[in-house]
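Data block below; observations after.
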Amino acid sequence: ALVVRLNATCQEFYEWNAIRLIMPAVACFLCVQNATLAFEASEREAIPQQWAIAVFMMSSTVAPGIFLFSFVITFLAYRTRAMPFCFVYRG
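Numbering-wise (our numbering), the sequence shown opens with residue 986 and increments by one.
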């Protein structure tokens, strides 16, 4: 199991939940997609239509997930600055 450990001072930010959930989910979706494509190429058979639709739907969440992950990381890095990051105020 993948566990991201944080110290007590960082756990008060709800943004850490996005970091702990989004990036592992994106990595899992990419693994499933790559395994599906590798199986299809090696077996020379078509995968079931329902599975192809599910993989296609999962792949559409990868790019927004990476964008959201990088936005949250940058937001947390700049949260102590006087000027808000992208006009997002924290509390």
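For each residue, glycine too, the CB sits at the ideal point set by N, CA and C.
In or out: Met1008 buried (at least 16 other Cβ within 10 Å) or exposed?
Burial call: buried.
I'd like to check one pair, Thr1021 with Trp1036: are the Cβ atoms closer than 8 Å?
Cβ atoms of Trp1036 and Thr1021: closer than 8 Å.
Quick one: grab the DSSP three-state call for Glu934.
Lying before the first or after the last residue shown, residue 934 is absent from the chain, which here runs from 986 to 1076.
Close-in-space but distant-in-sequence residues of the same chain around Ala1010 (CB under 6 Å, 5 per side omitted):
Excluding positions up to five away in sequence, the list is empty.
Can you list, in chain order, the residues of its chain with a C-beta nearer than 7 Å to that of Ile1051? Leave out the 5 residues immediately preceding and following it.
The residues Val1011, in chain order, have a CB closer than 7 Å to that of Ile1051 in the same chain once the five nearest residues on each side in sequence are set aside.
Opening and closing residue of the alpha helix (DSSP H) in which Pro1049 lies:
Per DSSP, Pro1049 is one residue of the alpha helix (DSSP H) stretching across 1047 to 1062.
Quick one: grab the DSSP three-state call for Pro1033.
Here Pro1033 carries a coil assignment [DSSP, helix/strand/coil].
Restricting to Cα atoms, I'd like to know which of Ala1003, Glu1028, Leu1053, Phe1014 is closest to Ile1039.
Before going further, note that residue 1039 is Ala rather than Ile in the sequence given. Check the Cα spacing between Ala1039 and each of Ala1003, Glu1028, Leu1053, Phe1014: the tightest is with Phe1014.
Would a C-beta distance cut-off of 8 Å place Val1017 and Met1042 closer than the cut-off?
With contacts defined by Cβ atoms closer than 8 Å, Val1017 and Met1042 do not form a contacting pair.
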